[in-house]
Structures are given as C-alpha cells and as structure tokens.
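Numbered according to full-length UniProt numbering, the sequence shown spans residues 1 to 380. C-beta: ideal position from N, C-alpha, C; glycine also.
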Amino acid sequence: MSGCLLFVTSILLLVASFTLHADSEQKQQTLKKLEQVQQAILDKQSQLEKKQSEQNKIEQSIRQTDKKIGDVSKTLRQIENKLQQVTQQIKRLEKQQETLEQDRQAQVKILAEQVKSIYQVGQHDFMKMMLNQDSPAKLERVLSYYQFLNKARTEAIEKLKQTLAKLEETVTQLNQQRLALAELQQEEKTKQAELVSLKTKQKANLASIEKFIKTESQRIETLKQDETALTQALEALAEAIEELPNQLDFNGLGDIKGKILWPTQGSIKKNFGRRKSGQLRWKGVVIQANSGEVVHNIHAGQVIFSDWLKGYGLVLVVEHGNGYMSLYGHNQALLKDVGDVVQSGEPIALVGQSGGQAKPGLYFEIRHQGQPVNPVDWCR
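(1) Give the range of the beta strand (DSSP E) segment to which F250 is assigned.
(2) When we look at the beta-carbon of E35 and count the other beta-carbons within 10 Å, is it buried (16 or more) or exposed?
(3) Leaving out five residues before and five after K199 in sequence, what residues of the same chain have Cβ atoms less than 8 Å from its Cβ?
(4) Grab me the residues of L327's own chain with a C-beta within less than 6 Å of its C-beta, minus the 5 sequence neighbours each way, in chain order.
(5) Between which two residues does the beta strand (DSSP E) holding Y363 run?
(6) Between K166 and K82, what straight-line distance do the alpha-carbon atoms span, to the nearest angstrom?
(7) For N205 and S291, what's the separation of their Cα atoms in angstroms?
(8) Pull up the CB-CB distance for F250 and G321, whole angstroms please, since I reckon it's below 8 Å.
(9) Let me check understanding here. Comparing Cα to Cα, which of Q88, V338, I260, L334 lies closest to V376?
(10) Starting from the Cα of residue 386, find the closest Cα among V108, D66, V171 and give me that residue.
(11) Assign D193 to one of two classes, buried (16 or more other C-beta atoms within 10 Å of its C-beta) or exposed (fewer than that).
(12) With 16 other CB atoms within 10 Å as the buried threshold, where does T228 fall?
(13) Within 10 Å of its beta-carbon, does L48 have 16 or more other beta-carbons around it, so buried, or fewer, so exposed?
(14) Can you tell which of V285, K336, N271, Q89 has its C-alpha closest to the C-alpha of G301?
(15) Below 8 Å on the Cβ atoms is my contact criterion, and I expect R367 with M325 to pass it. Report the Cβ-Cβ distance as a whole number of Å.
(16) Q107 and L160 - do their beta-carbons sit closer together than 9 Å?
(17) Give every residue of the same chain whose Cβ lies closer than 6 Å to the Cβ of Q202, excluding the five residues on either side of it in the sequence, and list them in chain order.
(18) Could you give the DSSP three-state label for I298: helix, strand or coil?
(19) Taking Cβ to Cβ, would you say N271 is nearer than 9 Å to I348?
(20) At what residues does the beta strand (DSSP E) containing P347 begin and finish?
(21) Going by DSSP in three states, P375 sits in which element: helix, strand or coil?
(22) What does the alpha-carbon distance come out to for the pair S197 and K257?
(23) Within 10 angstroms of the Cβ of V338, are there 16 or more other Cβ atoms? Answer buried if so, exposed if not.
(24) By alpha-carbon positions, which one of K276, K91, E158 ends up nearest to N175?
(25) Does the Cβ of I157 have 16 or more other Cβ atoms within 10 Å, making it buried, or fewer, making it exposed?
(26) So, with DSSP's three-state summary, where would you put E293?
(27) Assign I41 to buried or exposed, taking buried as 16 or more other Cβ atoms, counted over all protein chains shown, within 10 Å of its Cβ.
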C-alpha cells in the first residue's frame, strides 16, 4: 500500500512541475503529458485490481482443490472398507466351498457303499430268499433290511443333491464377489490417480499464492485475516449452539483434563502460545503427521462445523458441552457432517495439508467459552 501511495505522490509532483513551468507554447505538450500520466494511474490501478483478482482466483482454486481432495479421500476410504468386506466375504465363501466339497466326497462314498450292499444282497436272488423262509420272523427281518437300505440310499441321494445345490450357489456367489473385488480395485486405482493429480495441483496452488505473499508484512496481514475469520466463525457457532432447542446433553471436558488422548499420532511442531509471525501467536498446536493418518475425536460431542476455511483448509469442529469445543484443521478429508454425534476416539477426519500448507499435519485447538486453551495441559 505504501508503494502505491509513493507512486501516486510522485505522479502528483510531476503534474505540479508541468503546471508551474508551462507557457503558452507548451500547453499542448503539457496537456498531452497529463493525459499520459492519468493513463499511467489508471493502468496502475488496473494492474492492482488484476493482481487482487488473480489472488482471489488462486485462493478459490485452493479451496476447490482442497475440497475435491477431501471428497476423493473420503471415497477412497469407503472403497478400502468395501474391499476389506469383500475380501472377508471371499475368504468365508472359499472356506464354505471347501467344506461343501468335503461333504460331497463323503456323501458320494456313503452312497457308493450303499449301492454295493444292495448289489451284494441282490446276488442271492431276493425272491428265492423270501420263498424259502421257514420263519415269518426271518422274513420280516429281511424285508426290514431291504427297507433300511432303500431309505438310507434315498436320504443319501437327497442330501447329496442339497450339497451340490449349495456348492453351486457358493461358486456363483464367489464369482460375483471376485468380480466385485476386481471392480473395486480398479475404482481404487482410478481414485488414487485422481488424488495424485489433485495433490500436484495443490502444490501448484501453494507456489502461486506464495508469489503474492512475498513480504513478512503481507504474510502477517494474511494470517491476521485468517485468524479473525476463524474467531468470528467460532463465535457465530457458539451463539448458534446457545439458541438451539433440544440440545444433546454433553458434559464437557472439565472432568477429564490431562487424560485426553491426542487426536492423531505425530510430534508437535508448533506449540500453543509461541510466536507465529509478527505479534501473532499460536492458539492451538500443529501436529506433524503422515498424510492420510486418521484423526480421532477427543471426546463425545456433536459436529457443529465441517467445511473449508481460508488459511485452515478443511476444518471440523466438535461441541462437547459446557462451553467446550475442539477444532481440527488442515485435513485431507472430513469423515463426518454437521449434526453427527461422535464418540470418544471415533475417526472424524484424515490428516492432510489443506489450506495452503507445505507439509501434512493437523492443526488442533481446544476452546472453553470461546477462549483457546493449551492442548498440552489437556492431552496425554
């Protein structure tokens, strides 16, 4: 801004110089020069407006890319869960197929033995045996034996038919699941390629925005604007919560201070209260973690914000009751929506670098009555 003011001041001095030294012969030349100066001012203003417009476009691109990465990452996670389910189903069906095949072989063996027994009895001429029986009791035993063999054979055949039908059904299901697995693997491959492409674009966006934020003063001003926007958003959310009827009864974090598990695995790279830039200080912590690492909710509550915020990327805020909130920023994907009730330890997001971050990590805040508190005092 000071550069622009200096530029305009120099232009005005130049105009004054032309006016003081002008004479009748130089009026036309001075007028022409004045027109050139005015055009220069207009050109400068146009350049500034164009730069502002370009910066807005880049920031919009950052927002859109971050949100697309979030959507694709969420879809990938769903695909991975489906892949696990299908793989388990295939294993179950393969085991079932193996058991049924063993049953089939055993039943065929039993049936073969029964047929052999009937054949052996038949060699003695069944009618002759019946006519030569001196005792009705013997005849009854022979008839009972034949009936037993016939019934056993019928049951064995029926059981074998059922086994063969189940086996055929299992093979059909197995083929269907294997086809579904192949389709899911292809979909996963496509989404992973899309994610790689989007992350490349994300890096390009970061490089572009860095060109506009060259000086420390510009960077500080941008950080101030981002921080103000976040504070205003959280204040608005707090007011909205107070006005909501039939709130779910959550007991806050007061009773578990110092016992809360950190939301993700990693090391703290930016500490609460430390100087951020200029006079700005960190109101939360930045946990360096691998991209795609699961972010867990720290305590039971309800999601009150799940969207993109300038400077913080994909952000999720959970209200825990009694004026307590937890905030999770720079995510790659948000797994929960506004209104969702989340339990302690439940996956709610994936670590990322949205919001124009050079490296993946989680920005994590805890607030009480709107004021940020040091997460180190609350987590273990």
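Reading from the atomic positions:
(1) Premise fails: F250 is in no beta strand (DSSP E) and is neither H nor E.
(2) Residue placement at E35 is poorly supported in this model, since its pLDDT is 48, which falls under 50; the coordinates are not used for a value here.
(3) Closer than 8 Å at Cβ, skipping near neighbours: I69.
(4) Correct list, in chain order: V317, E365.
(5) Boundaries of the beta strand (DSSP E) harbouring Y363: 361–368, taken from the DSSP string.
(6) A direct Cα-to-Cα measurement between K166 and K82 gives close to 25 Å.
(7) Cα to Cα, the separation comes out at about 18 Å.
(8) Separation of the CB atoms of F250 and G321 is rounded to 3 Å, and the pair is thereby assigned contact status at 8 Å.
(9) Ranking the options by Cα distance to V376, first place goes to I260.
(10) No answer is possible for residue 386: the residues shown for the chain start at 1 and end at 380.
(11) As written in the sequence, residue 193 is Ala, which differs from the Asp given in the question. So A193 counts as exposed.
(12) Exposed, by the Cβ-count rule.
(13) Any answer about L48 is weak, because its pLDDT of 49 lies below 50 and its placement is not dependable; what the coordinates show is given next. The residue is exposed, with fewer than 16 neighbouring Cβ atoms inside 10 Å.
(14) With distances taken between Cα atoms, G301 lies closest to K336.
(15) With a Cβ gap of about 5 Å, R367 and M325 count as contacting.
(16) Yes; because the gap between Cβ atoms is below 9 Å, this pair is in contact.
(17) In chain order, T65 place their CB closer than 6 Å to the CB of Q202, counting only its own chain and leaving out the 5 sequence neighbours on each side.
(18) Here I298 carries a coil assignment [DSSP, helix/strand/coil].
(19) If you check the CB distance, N271 and I348 do not come in under 9 Å.
(20) First-last of the beta strand (DSSP E) with P347: 347–351.
(21) The answer is helix: DSSP assigns P375 an H, G or I state.
(22) Rounded to whole angstroms, S197 to K257 spans 42 Å at the Cα level.
(23) With fewer than 16 Cβ atoms within 10 Å of its Cβ, V338 is classed as exposed.
(24) Answer by Cα proximity: K91.
(25) Within 10 angstroms of the beta-carbon of I157 lie fewer than 16 other beta-carbons, which makes it exposed.
(26) DSSP places E293 outside both helix and strand once states are collapsed to three, so it counts as coil.
(27) Unreliable positioning characterises I41 in this predicted model, as indicated by a pLDDT of 43, which lies under 50. A coordinate reading is not provided.
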